[in-house]
Structures are given as structure tokens and as C-alpha cells.
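K.L.:
Here you go, one structure.
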Amino acid sequence: MTSLDLRGAADRAELRLDARALAELDEVERTAAILTWRARMLNEHVSARVFTALARQLERAGLHSGRPARVAAMVAEEWRHADRCAAVVEVLGGAAVVELPALPPVPEHEDADALEAVLRNVISVSCLSETVAVALIDAERRSAGPPALQRLLSEILADEVGHARFGWRLVEDLAPSLSPTLRERLGDYLVIALDELASHELAHLPARPSPSVAAEALGVCDGHAARRLFFATVNEVIVPGLQASGLPALSAWRAAQESGAWAGSAA
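Structure representation (C-alpha cells):
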């Protein structure tokens, strides 16, 4: 199996954490923090792969005006995020190496034309996943203890804000020209996308508190608080934003909540 090997990241980032912050962790907490940041390292790698495919889809749909180039820059930003997360793994005493799981191809949406296909992916990636990431990373930044970790999270957050805004601006720009039929089809897709978003996020946000204040200061989140923030982001940001562009997001979210296997574990 192929591995993602980012050893040496702490030196590349010139990242050092206060020894006192590390000393406050017991071995269980340190292990939890290492696993958290190693998972983030992998997630950022996967995001880079997704944006690479998205750039090609934008070209195919004829959506130029610098958009494919902007997405290509976002790929580089995600790679840098993976390296920064690897740096945290190393300063916590872990190895910045992880086996890559078998990854499904980025959806091509062969049942749709090129414009609808890319809109589906932009909505799923930027308007949904990246918007949730902005909310969660901002909360982590606020609770981070060491100043070096706050700066690292601020750097990642600034990029993720840009990734989310890219999708929101594209949807806003194209919304006036979307036909009623396409809006309806995108609404049908939103049921699937929102269901998948909730399933993914809740699987990675276990309903348990952080093991300690010291662990939370180094990135091990309070799962209960993170879940509340996830639902608030969907209800107060994502759904209203898509509704404002003429997409039936509210009915799609209600349908996802009624049909999703995760619905009973929302709290």
C-alpha cells in the first residue's frame, strides 16, 4: 500500500511548541493529539486530489475567467496544509507517515452535462465541506494554547475561507442563468450531498468530550461542541446561502435529515 510520507515537516515549517504545553499531556492524550493531526494530514492530501480534479472539470465546463488557475493554487495550499499538519504530528512526537487508503474517484457525474457536473462538485466541496471546515478550524484556533499552533491554524483558516468563498461566488455568479430544471436537479443532488456531508462529519466528530483541557489546547476537539457547531453551520450558513441563490436547500436538508442513517445520532 502507498504511504504519504511527510517526514521533516517540522523543520520545513520551523515549528516548535512550548515544552510546558507538551509536558501537560499524558501518553493517552499525546496519542490522541497525534492521531488527530495525522488524520488531518491525510484529509488535506485528499482535498488536494479533489481540487486537482475540480480544476479539470471547470475547464471542461468552459468556466474560465481565471477559475481553473485559482483552483490549481488551492491544490498547492492543501498540500501546504498537509505539510503543516505533519509538522504538528512531529512536534508531538509522532511519525508524519500514514498509509493511503483506497480512494474512490472524484465524481464525474456522468448523468449530467459538464456545467451541472461541476456545479455539483463545487457545491459539495466548497459550499458544504469547506464551509464546515472554516467553522471547525476557527473554533480550534480559538481554543489552541501554544501561540505557534494558533498561528498555524490561522494560516490554514485563511486559505480555507478562500476555498469556501470560491464556491459561493461561483454559485452566486451563475445563479441568475440557471434554468428551473437545473435548479430542481441540483436540489435533488443536495439531498445526497448533505446526507454524505453529515455522515462524514459525524463519523469524524465522535460524541465525546476532549480528554482534557491540555489536549483540547493541542487540537483534540470536544466532539459534542464540534457537532453542535456543525449543525449550526448547516442551518445558519449553508442552507440560507444556497436558498439565496435559488436552490431548494431547505427542503433538501429536511429530506436528508429524514432519510439519513446518522439522523438519530445528531446530538
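For any residue, its number in our numbering is found by taking its place in the sequence shown, counting from 1, and adding 7.
All C-beta atoms, glycine included, are put in the ideal place defined by N, C-alpha and C.
1. Out of Leu24, Asp25, Glu106, which one is the CA nearest neighbour of Asp12?
2. Take Asn128 as the anchor and find which of Val246, Pro114, Phe237, Arg63 has the nearest alpha-carbon.
3. Spatial neighbours of Thr138 within its chain, please: C-beta separation below 7 Å, excluding the five flanking residues on both sides.
4. Where do the ends of the alpha helix (DSSP H) carrying Leu65 lie?
5. Between which two residues does the beta strand (DSSP E) holding Asp12 run?
6. Using the beta-carbon count (16 or more within 10 Å), is Ala256 buried or exposed?
7. Mind reading off the beta-carbon distance from Ala98 to Leu160? Whole number of angstroms is fine, and I expect it under 8 Å.
8. With a CB to CB cut of under 8 Å and the five nearest residues on each side skipped, what residues in its chain are close to Ala146?
9. So what does DSSP say about Val129, is it helix, strand or coil?
10. How many angstroms separate the CA atom of Ala79 from the CA atom of Ala62?
11. Excluding the 5 residues flanking Glu84 on each side, which residues of the same chain have their C-beta closer than 6 Å to its C-beta?
12. How would you write the range of the alpha helix (DSSP H) that Glu223 sits in, first residue to last?
13. Alpha carbon to alpha carbon, how far is Glu222 from Pro108?
14. Can you tell me whether Leu110 is buried or exposed? The criterion is at least 16 other CB atoms within 10 Å of its CB, across all chains shown.
15. List the endpoints of the continuous alpha helix (DSSP H) containing Glu21.
16. From what residue to what residue does the beta strand (DSSP E) around Glu208 run?
17. Taking only three categories from DSSP, how would you classify Val168?
18. Tell me whether the beta-carbon of Ala89 lies closer than 7 Å to the beta-carbon of Glu31.
19. Say whether the stretch 66-73 touches the stretch 246-254, bearing in mind that this needs 3 or more beta-carbon pairs closer than 8 Å, one atom from each stretch.
20. Once the 5 residues before and after Arg47 are set aside, which same chain residues still bring their CB inside 7 Å of it?
21. Please give the ranges of any alpha helix (DSSP H) in the stretch 70-125, keeping only runs that are unbroken, at least 4 residues long and fully inside the region.
22. Just verifying my parser: in three-state terms, what is the DSSP assignment at Cys228?
23. Can you tell me whether Val95 is buried or exposed, with buried defined as 16 or more other CB within 10 angstroms of its CB?
24. Return the Cβ separation of Trp86 and Cys134 in integer angstroms, given the expectation that the two are a contact with Cβ distance under 8 Å.
25. Measure the alpha-carbon distance for Ser266 versus Arg14 and round it to whole angstroms.
P.N.:
Reading from the atomic positions:
1. When each option's Cα is compared against that of Asp12, the closest is Glu106.
2. Nearest of Val246, Pro114, Phe237, Arg63 to Asn128, Cα basis: Pro114.
3. Closer than 7 Å at Cβ, skipping near neighbours: Ala171, Thr240, Val244, Ile245.
4. Here the alpha helix (DSSP H) through Leu65 covers 34-67.
5. Its beta strand (DSSP E) spans residues 10-12.
6. The residue in question, Ala256, is buried, as its Cβ has 16 or more Cβ neighbours within 10 Å.
7. The question names Ala, but residue 98 is Val in the sequence shown. About 14 Å separates the two Cβ atoms, so there is no contact after all.
8. Cβ neighbours of Ala146 beyond the five flanking positions: Cys228, Ala232, Ala233, Leu236.
9. Per DSSP, reduced to three states, the secondary structure at Val129 is helical.
10. Roughly 6 Å between the two C-alpha positions.
11. For Glu84, where only same-chain residues beyond five positions count, the Cβ hits under 6 Å are Asp166.
12. Its alpha helix (DSSP H) spans residues 220-223.
13. Residue identity check: residue 222 is Ala in the sequence provided, not Glu. Our two residues, Ala222 and Pro108, have alpha carbons roughly 27 Å apart in a direct line.
14. Counting Cβ neighbours within 10 Å, Leu110 comes out exposed, since fewer than 16 surround it.
15. Counting along the chain, Glu21 falls outside any alpha helix (DSSP H), and DSSP gives it neither H nor E.
16. Where Glu208 is concerned, there is no enclosing beta strand (DSSP E), although the alpha helix (DSSP H) it sits in stretches over 187-211.
17. The DSSP-derived three-state label of Val168 is helix.
18. Contact: no.
19. Remark: fewer than three beta-carbon pairs, one from each stretch, lie closer than 8 Å, so the stretch 66-73 and the stretch 246-254 are not flagged as touching.
20. Excluding five sequence positions before and after Arg47, the CB atoms of its chain that fall closer than 7 Å to its own CB belong to Cys92, given in chain order.
21. Listed in chain order, the complete alpha helix (DSSP H) runs (minimum 4 residues) inside the stretch 70-125 are 74-98.
22. Three-state DSSP puts Cys228 in coil, outside helix and strand.
23. The residue is buried, with at least 16 neighbouring Cβ atoms inside 10 Å.
24. Incorrect: roughly 22 Å between the Cβ atoms, too far for contact.
25. Distance between the alpha carbons of Ser266 and Arg14 is about 43 Å.
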